[in-house]
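A short write-up of the structure that comes next.
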Amino acid sequence: MPKYNIQDLRNVAIVGHGDAGKTTLADHLLAKAGGSRPGSVKEKTSVFDYDETEKDRGHSIDSASAHLSYNGREINLLDCPGYPDFIGESVGGYNAADLVLVCVNASAGIQVNTKRSWFLGVGGQRARAIVVTKCDMAKGKLADVLGQIRDTLGDRCIPWRAPEEVGDFSEAWTEAVVEVDEGLMERYLDEQEISADELAKTAGPALAKGTVVPVIFTSGEADEGLDTLLDFIVELGPSPIAAARDLVNAQGEEAEDIGADPDAPFCGVVWKVQVDKHVGKIGHVRVLRGCLKPADQIFNIRAQKKEKVGHILRMQGKEQTEVDGAIPGDLVVLLKVDSLRVGDTLAATDLGKSVKLIQGPAAMYRLAVTPQKRGDEAKISEGLGKFAEESFTFDAYREATTGEQVIAGMSQLHLDVVLRRLKERMGLEVNTAKPKVPYQESITGNADGHYRHKKQTGGRGQFAEVYLTVAPSEPGAGLSYEWAIFGGSIPRNFEPAIEKGVREKMALGIIAGFPMGDVIVKVTDGKFHDVDSSEAAFKMAGGRAFADAVSKARPAILEPIVKLEITIPGHYMGDVSGDLNTRRGRIQGMDQVGEDQIIQAEMPLAEAADYARVLTSITSGEGSFTMEHSRYEPVPRDIQAELVAKFKPSADDD
Numbered sequence: 003m004p005k006y007n008i009q010d011l012r013n014v015a016i017v018g019h020g021d022a023g024k025t026t027l028a029d030h031l032l033a034k035a036g037g038s039r040p041g042s043v044k045e046k047t048s049v050f051d052y053d054e055t056e057k058d059r060g061h062s063i064d065s066a067s068a069h070l071s072y073n074g075r076e077i078n079l080l081d082c083p084g085y086p087d088f089i090g091e092s093v094g095g096y097n098a099a100d101l102v103l104v105c106v107n108a109s110a111g112i113q114v115n116t117k118r119s120w121f122l123g124v125g126g127q128r129a130r131a132i133v134v135t136k137c138d139m140a141k142g143k144l145a146d147v148l149g150q151i152r153d154t155l156g157d158r159c160i161p162w163r164a165p166e167e168v169g170d171f172s173e174a175w176t177e178a179v180v181e182v183d184e185g186l187m188e189r190y191l192d193e194q195e196i197s198a199d200e201l202a203k204t205a206g207p208a209l210a211k212g213t214v215v216p217v218i219f220t221s222g223e224a225d226e227g228l229d230t231l232l233d234f235i236v237e238l239g240p241s242p243i244a245a246a247r248d249l250v251n252a253q254g255e256e257a258e259d260i261g262a263d264p265d266a267p268f269c270g271v272v273w274k275v276q277v278d279k280h281v282g283k284i285g286h287v288r289v290l291r292g293c294l295k296p297a298d299q300i301f302n303i304r305a306q307k308k309e310k311v312g313h314i315l316r317m318q319g320k321e322q323t324e325v326d327g328a329i330p331g332d333l334v335v336l337l338k339v340d341s342l343r344v345g346d347t348l349a350a351t352d353l354g355k356s357v358k359l360i361q362g363p364a365a366m367y368r369l370a371v372t373p374q375k376r377g378d379e380a381k382i383s384e385g386l387g388k389f390a391e392e393s394f395t396f397d398a399y400r401e402a403t404t405g406e407q408v409i410a411g412m413s414q415l416h417l418d419v420v421l422r423r424l425k426e427r428m429g430l431e432v433n434t435a436k437p438k439v440p441y442q443e444s445i446t447g448n449a450d451g452h453y454r455h456k457k458q459t460g461g462r463g464q465f466a467e468v469y470l471t472v473a474p475s476e477p478g479a480g481l482s483y484e485w486a487i488f489g490g491s492i493p494r495n496f497e498p499a500i501e502k503g504v505r506e507k508m509a510l511g512i513i514a515g516f517p518m519g520d521v522i523v524k525v526t527d528g529k530f531h532d533v534d535s536s537e538a539a540f541k542m543a544g545g546r547a548f549a550d551a552v553s554k555a556r557p558a559i560l561e562p563i564v565k566l567e568i569t570i571p572g573h574y575m576g577d578v579s580g581d582l583n584t585r586r587g588r589i590q591g592m593d594q595v596g597e598d599q600i601i602q603a604e605m606p607l608a609e610a611a612d613y614a615r616v617l618t619s620i621t622s623g624e625g626s627f628t629m630e631h632s633r634y635e636p637v638p639r640d641i642q643a644e645l646v647a648k649f650k651p652s653a654d655d656d
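All residue numbers for the sequence shown refer to this note's numbering, where the first residue is 3 and numbers rise by one.
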C-alpha cells in the first residue's frame, strides 16, 4: 500500500485553451520537483504528450497523468488538451481532480476554451485557480491580463504571491477568505486585525468553497513562479478528505456524501478509458473511499456486473509501475476489466447509486460512416462502440429510421482523430457523408383503395382482390390494422398476408421512398379463388391496394423538428438569430446567464446538419448548442415536390 497519507495527496488537473503552455507547465513542474531535465513538446520528449498523433500535431489530444513529490506531499498532475475539439478529456480530468488549474496565456488572455474549461467546474465541487502562463513574454502587461481575468471570470480571482507589477490585492484577498468563517468575518467588519496564520488556515476552505480563486503567475520555460505554484498546491490545495463527492440516484437526486474513509467499503470512478490493440481495455480509476488491492472483487454499477481486479498500475506519462494497493485519492490503472466505460462507478457492492459526475458538452457534429471494404460493417460498429466507451463527448449509434451508422463528436477534427485511430488500431477504413434526414410519409385524409391481382400462366394462376380504407392516426401510433370483412369474401387465413403486404409497403414508402407511419388501415372486402389464391397473391394485392388508397389520401412528407439550446456571447445575438431565420428556425425563448445569451429555438433537422460548423464560424468558436428531437411536421410544399421528384421506385418493388 502507498507510504503517504490521504491528507498528503493532491490531485490537480491542468486545463485551458490550446497553446496556453499547459503541457510545458506540467513537464517543468515534474522536473522542478524531481531535479531532472524537463520534457519538451517541441523536441517530442514530453512526459505527457507521448502519443504519436500528439507528437505529429504538436499539441495534446488525450489527457495524461504523472506524479511528483514536493515538500512532503504527493501530487498527481493531469494534463488535459486545450482545444475545444477534445474537451471531453478535460471533463475526465475534472472528474479525477480535486483542484483545477485553468491556464491563461499571458499574451493571448482569455480565449474560447479558457471560458469553457472554467465553466465546466461551476457547481461541480471542484476548487479552481487561475495560472497565468508564459509571463516572460508579457512583462509590463500582467496587470492588463489580470484585469481581463477579473472582468471575465469574476472579481473573486485574486493574485496570490504575485509580481509587484500587478499591484497590491492583500485587502481583497483578506475580504474574500474571511467570508467562509463567521467569526473572522465579524472581526474583519469590526476592523480588527486578522493574523497571517489565521488567513493561511482559512484560505484552503475558501478555495474549496470558491469564495476566492487564486491567480498565480508563471513561466515554465523561464522557470518563473514554479515554486510559488507548487507551494500553492501543497499549502492551499484540497486533499481528498477535504474534497466532497456525492452519490446520486438515477435521476441525479438524493445526494449522499461519499467521504474518503480508507476503512469504508471501496468506491471509485472511472475517469478515463483507453483501448490498446495489444493490452486491451485500460481503465483509469480515481479511488474515492476504501482501499483497492489486487484480486479484490468489485461491482460495476452501470453494467451490473462483478469484476475481479488484476494488476494495479500507476502511470507516469506512458510508463507504468505496478503497485500493491490504492487508498482514497489515488489515481490508478486497471487492466482487462472488460465492462468498464468512462464515467462508471465501481464499488465493493451494488450501491444503487452512482458518483455524481461533471458532464461534458453535448456532441455537436455528426457524420454517417460506411465501410470501404465489404464485410467490415460489424467490425466498424464494434470498434466505434469501443471509442464511445472512452469518451464523454463521442457517441456512435445506428439511426433506426435510415439504418445509417452515425458518429457524433465535438467537431470535424474530433471525428477525424477518432477515425484515424480506428484505422491505426483496427485496420478499418470508412467513407463519411452527412447523415440522411429520417423523413417519414403520412396521410392527411381518408381514402379507399383497391387492387385486383390476376395472373394466368400455363399452370396454376394467381388471384387476389382486396378493398381497404386508410385514415390518419395519432402521431407516434404507427399502423392500426383492422379486419372488417364479414361473410367470408376473403378467408381469414389470408389476413396475415394482406397485413404483411401493407407493412412492407409502409416500410418502403409510397410517394418518396420514406417509411410511412401513423395510419389506420381497414380491410373491408375482396375476392378469392379456390385454386389460384395464395398468400403471395394476397400479399401483393394488399400492398398495392394500400398504395392506391394512400395516393388518394393527400399524402404528406414529414420532417423531424429538433429543439436547440444555443449558448453564445450576447454580442453575437443578431447574427445568430438572423441565421436561424434563414434555416426555417423559430426562436422560442431567451435567457441571460452572465455575459452569455441562451437561445431556445426549434429548427428542421435538415437545416441543422451543418449547424455546428456555421455556429463556430459565426461566433469564432465561442458558441455551443445542444439538440434533441421534438416532433415531426409536414415539410413545405416546394420541398415535398423536390423529394417526390427525386424518388425512383423500382419497376416492381414487390
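Where is the CB? At the ideal position from N, CA and C, for every residue including glycine.
Legend entry - Among Asp53, Ile89, His69, the one whose alpha carbon lies nearest that of glycine 36: His69
Inset, instruction - Could you check if proline 477 is buried or exposed, using at least 16 other CB atoms within 10 Å of its CB as the buried criterion? - result: exposed
Legend entry - glutamine 442 beta carbon less than 9 angstroms from that of isoleucine 559: yes
Inset, instruction - Run the CB neighbour count on asparagine 583, radius 10 Å, all protein chains shown included, and call it buried at 16 or more, exposed below. - result: exposed
Inset, instruction - Assign arginine 615 to one of two classes, buried (16 or more other C-beta atoms within 10 Å of its C-beta) or exposed (fewer than that). - result: exposed
Inset, instruction - Tell me where the alpha helix (DSSP H) around leucine 510 begins and ends. - result: 497–510
Inset, instruction - Take the Cβ of aspartate 340 as the centre, count every other Cβ of all protein chains shown within 10 Å, and call the residue buried at 16 or more, exposed below. - result: exposed
Legend entry - Residue range of the unbroken beta strand (DSSP E) whose run includes threonine 686: It is not possible to answer for residue 686, since the shown part of the chain is limited to 3 through 656.
Inset, instruction - Pick helix, strand or coil for asparagine 97, following the three-state DSSP scheme. - result: helix
Inset, instruction - Please confirm if the region 558–574 is in contact with the region 608–624, defined as three or more CB-CB distances below 8 angstroms between the two stretches. - result: yes
Inset, instruction - Below 8 angstroms on the Cβ atoms is my guess for glycine 41 versus glycine 84; work out the distance and round it to an integer in Å. - result: That belief does not hold up - the Cβ atoms of glycine 41 and glycine 84 are roughly 17 angstroms apart, past 8 angstroms.
Legend entry - Beta-bridge pairing of glutamate 309 - partner residues as DSSP gives them: Ile300
Inset, instruction - Assign cysteine 66 to one of three DSSP states: helix, strand, or coil. - result: First, the residue type needs correcting, since residue 66 is alanine and not cysteine in the sequence shown. Strand, per DSSP.
Legend entry - Endpoints, alpha helix (DSSP H) assigned at glycine 545: 537–553
Legend entry - Cα-Cα separation between lysine 320 and valine 43, rounded to whole angstroms: 15 angstroms
Inset, instruction - Leaving aside the five residues before and after alanine 539 along the sequence, list all residues of the same chain whose C-beta is less than 7 angstroms from its C-beta, in chain order. - result: His455, Gln464, Phe465, Ala466
Inset, instruction - Give me the Cα-Cα distance between alanine 643 and asparagine 448, rounded to the nearest whole angstrom. - result: 21 angstroms
Inset, instruction - Please confirm whether threonine 154 and isoleucine 218 have their CB atoms less than 9 angstroms apart. - result: no
Legend entry - Euclidean distance between Cα positions of valine 93 and proline 498: 53 angstroms
Legend entry - Three or more C-beta pairs below 8 angstroms linking the region 504–520 and the region 481–496: yes
Inset, instruction - Grab the span of the alpha helix (DSSP H) containing serine 383 for me, first residue to last. - result: 379–392
Inset, instruction - Locate the alpha helix (DSSP H) running through arginine 152, then write down its first and last residues. - result: 144–155
Legend entry - Endpoints, the beta strand (DSSP E) within which tyrosine 190 is located: Unbroken run through tyrosine 190 is the alpha helix (DSSP H), 184–191; no beta strand (DSSP E).
Inset, instruction - Consider the C-beta atom of alanine 164 and the heavy atoms of the ligand GTP; say whether any pair is separated by less than 8 angstroms. - result: In the structure shown, the ligand GTP is absent, as is every other ligand, since no ligand is present at all.
Legend entry - Exposure of serine 356, with buried meaning 16 or more beta-carbon neighbours within 10 Å: buried
Legend entry - Three-state class that DSSP yields for phenylalanine 627 in the structure shown: strand
Legend entry - Rounded C-alpha distance that separates alanine 108 from glycine 23: 10 angstroms
Inset, instruction - Could you tell me whether the region 131–147 touches the region 182–197, where touching means 3 or more Cβ pairs closer than 8 angstroms? - result: no
Inset, instruction - Measure the C-alpha to C-alpha separation of leucine 238 and serine 62 and round it to an integer number of angstroms. - result: 28 angstroms
Legend entry - First through last residue of the beta strand (DSSP E) which encompasses isoleucine 243: Segment: none, isoleucine 243 is in no beta strand (DSSP E) and carries neither H nor E.
Inset, instruction - Could you check which residue in Gly149, Ala210, Asn495 has the C-alpha nearest to that of proline 242? - result: Ala210
Inset, instruction - Verify whether the separation of the beta carbon atoms of alanine 257 and aspartate 248 is less than 9 angstroms. - result: yes
Legend entry - isoleucine 500 vs isoleucine 512 beta-carbon contact at 9 angstroms: no
Legend entry - glutamate 624 versus glutamate 597: straight-line alpha-carbon distance, rounded: 12 angstroms
Inset, instruction - Just mark lysine 310 as buried or exposed, buried being the case when its beta carbon has 16 or more other beta carbons within 10 Å. - result: exposed
Legend entry - Opposing strand residues paired with threonine 213 [DSSP bridges]: Note: threonine 213 sits in no beta bridge, so no partner.
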